[in-house]
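Reviewing the structure listed below.
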Amino acid sequence: MTAPDRRHGIAGFLHCAEAGAAAGLLAATLSNRYRIERELGHIRPPLPGRHPMLRRATGVLLAALAILSVAPHALQAQQRQYIAPRAATDTTTLPFSGGVLVGNTLYLSGTIGLLPDQTVPATATEEARRVLDNIKEALTRAGMTMDDLVQVQVFCSDLSTYAEFNKVYRTYFTKVYPPRAFIGVAHVLFDARYEVQGIAVKG
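Residues in the sequence shown are numbered from 20 upward in steps of one, following the numbering used here.
Put into structure tokens, the structure is as follows:
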């Protein structure tokens, strides 16, 4: 099970558990209310086979059971749209896709900003621009913009370039900046300075 599957599975489980708990609580409340009102003489004993409060509670329970049975299938039915997909049967490429859109949420793989000849740009500024352009391109392919990002992680092998990266980073947003982690690491693949990944949600 992938990370998106686990998230949606847990969300569905919690949603169903909350629905079941609410139905159980309502059924108990209705039953207690009926008992108290009958003891006070506010209502007459029901005819054989008739119990209005319990019938109402039964209806609530049946509705909750319907939610329990339908919610997981609805989550599983969400379509996935892959960005730069790579199939597991293709052993000649790296074993990951560029991103996956599940519902209205896009999960982006980590990306770096190499030159066309697969070398690292000479300056931190140029590399920052290239890696963020790659993120922007992936978002565009999913019908999103940089402002749709809700979480960003930056892995950096040279923390002395923090200010340079931020100077470039600021130019890619027009609204509120998303939450971000800037993490110092010993090395990034291909000796790059930065690797960036993120999560975006269509607004």
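By construction, the Cβ of each residue, glycine as well, lies at the ideal position given by its N, Cα and C atoms.
The beta carbon of R160 sits closer than 6 Å to the beta carbons of I102 from its chain, once the five residues preceding and following it are set aside; these are given in chain order. Within the same chain, V119, V121 come within 6 Å of R99 by CB-CB distance, once the 5 residues on both sides are set aside. Contact annotation: G132 and P140 have beta-carbon atoms nearer than 9 Å. For the set T124, F201, T110, V215, the Cα lying nearest the Cα of A182 is the one of F201.
In the three-state scheme derived from DSSP, where H, G and I count as helix and E and B as strand, Y196 is classed as coil. For the pair F184 and T144, the Cα-to-Cα distance works out to about 6 Å.
Sequence-distant partners of P104 (beyond 5 residues in either direction) whose C-beta falls short of 6 Å from its own C-beta, in its chain, are S116. When only Cα atoms are considered, T164 and V150 end up about 15 Å apart. With contacts defined as CB atoms closer than 9 Å, T124 and V220 qualify as a contacting pair. Approximately 7 Å separates the beta-carbon atoms of E146 and A211; this is inside 8 Å, confirming the contact. Rounded to whole angstroms, V215 and Y191 show a C-alpha spacing of 14 Å. Separation of A107 and V187 (C-alpha to C-alpha, rounded to the nearest whole angstrom) is 35 Å. Between F209 and Q137, the CB-CB gap stays under 9 Å. Following the DSSP letters along the chain, one finds L113 in no beta strand (DSSP E), marked with neither H nor E. The C-beta of D152 has fewer than 16 other C-beta atoms within 10 Å across all chains shown, which makes the residue exposed.
Around the beta carbon of G217, 16 or more other beta carbons sit within 10 angstroms, so the residue counts as buried.
The beta carbons of R148 and V173 sit no closer together than 9 Å. The continuous alpha helix (DSSP H) containing F184 extends over residues 181 to 188. The C-beta of V169 has fewer than 16 other C-beta atoms within 10 Å across all chains shown, which makes the residue exposed. Spatial neighbours of V171 in its own chain (CB-CB distance under 6 Å, excluding positions within 5 residues in sequence) are listed in chain order as P197, R199, G217. Assignment of I218 by DSSP, reduced to helix, strand and coil, places it in the strand class.
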